[in-house]
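Numbering (this note's numbering), first residue to last: 1 to 261.
Printed below as a string of structure tokens:
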């Protein structure tokens with residue numbers, strides 16, 4: 001049986017979603033908790049043959065990045081009722097650290113895949129232009145006055161961009177650096193400046209590199225035409241620096257069957 005688990009997490013204490021050698025990750029903590037709580041429901045009397053729960057995430061977030069919505073799937077040979085899934089959700093939330101919350105667990109068809117079935121992903125990056133004692137752990141402080149109109153003109157160029165090599169971490173193990181960006185926009189919300197971007201996929205470090213480069217436009221240190229040149233160069237060294245991870249949130253994952261989740 002295949003199950004989807006919906007969760008959210010504060011990424012501050014973790015080295016990203018994916019299991020890392022000698023580092024703590026969200027995936028590792030959740031796999032341990034699931035394996036422990038589901039152990040009593042497994043049919044085998046032989047402890048050595050009991051199934052360990054392996055999670056497949058909808059993607060991977062870097063160290064310190066947060067997720068308001070994240071999905072992962074796991075296989076478990078027992079059919080769990082809705083009541084049992086609700087009880088498992090409750091127990092997980094009691095067991096897991098305060099930085100991780102489980103929103104629910106859903107039985108899916110056996111071919112459903114948390115990563116490959118995802119149609120779109122939305123990220124948001126939060127910026128404070130003024131000192132704010134309540135949002136600083138989750139927003140990047142910028143001291144210069146930003147030209148939001150110019151940043152939006154530059155961001156609009158991403159809609160027609162296919163190759164995002166200039167904004168990808170070097171030496172990553174991917175087949176290509178092509179992404180389809182559907183929306184990329186700067187918004188002013190409740191005293192914060194927010195960059196929101198939606199695409200079918202994202203490269204490692206892509207959003208943080210994009211934000212860092214767009215901020216150069218906003219500060220008047222880069223023209224829109226120069227931003228276009230950086231896109232065309234397909235060279236990470238030509239783009240701006242990556243902004244810190246603590247202000248980046250994975251906000252939304254969309255599936256063809258999102259109404260079931």
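Yeah, the Cβ is synthetic: ideal placement off N, Cα and C, and Gly gets one too.
A direct Cα-to-Cα measurement between residue 30 and residue 67 gives close to 14 Å. In the DSSP annotation of this structure, residue 222 is not part of any alpha helix (DSSP H), being labelled neither H nor E. Taking a cut-off of 8 Å on C-beta distances, the region 219-230 does not touch the region 192-202, as fewer than three cross pairs fall below it. Taking a C-beta distance under 8 Å as the contact criterion, residue 248 and residue 125 qualify as a contact pair. Among the bridge pairs identified by DSSP, residue 74 is matched with 3. In the DSSP assignment, residue 193 is bridged to 127, 188. Using a C-beta cut-off of 8 Å, the region 1-19 makes contact with the region 102-110, since at least three inter-stretch Cβ pairs fall below that distance. Look at residue 213 here: in three-state DSSP terms it is helix. Here the alpha carbons of residue 101 and residue 93 stand approximately 6 Å from one another.
The DSSP assignment places 82-95 as complete runs of the alpha helix (DSSP H) inside the region 76-146, in order along the chain (cut-off: 4 residues).
In the three-state reduction of the DSSP assignment, residue 167 falls in the helix class, which pools H, G and I. In the structure shown, residue 27 falls within a helical segment according to DSSP collapsed to helix, strand and coil. Here the alpha carbon of residue 182 sits roughly 20 Å from the alpha carbon of residue 188. Residue nearest to residue 162 within the set 178, 150, 156, 152 is 178 (criterion: CA-CA distance). About 4 Å separates the Cβ atoms of residue 240 and residue 213, confirming a contact at the 8 Å cut-off. Rounded to the nearest angstrom, the gap between the Cα atoms of residue 55 and residue 74 is 5 Å. In the pairwise beta carbon analysis, the region 116-135 is classified as not touching the region 151-167: fewer than three pairs are separated by under 8 Å. Note on residue 237: under 16 other CB atoms within 10 angstroms of its CB, so exposed under the neighbour-count rule.
For residue 153, the uninterrupted alpha helix (DSSP H) segment begins and ends at 148-156.
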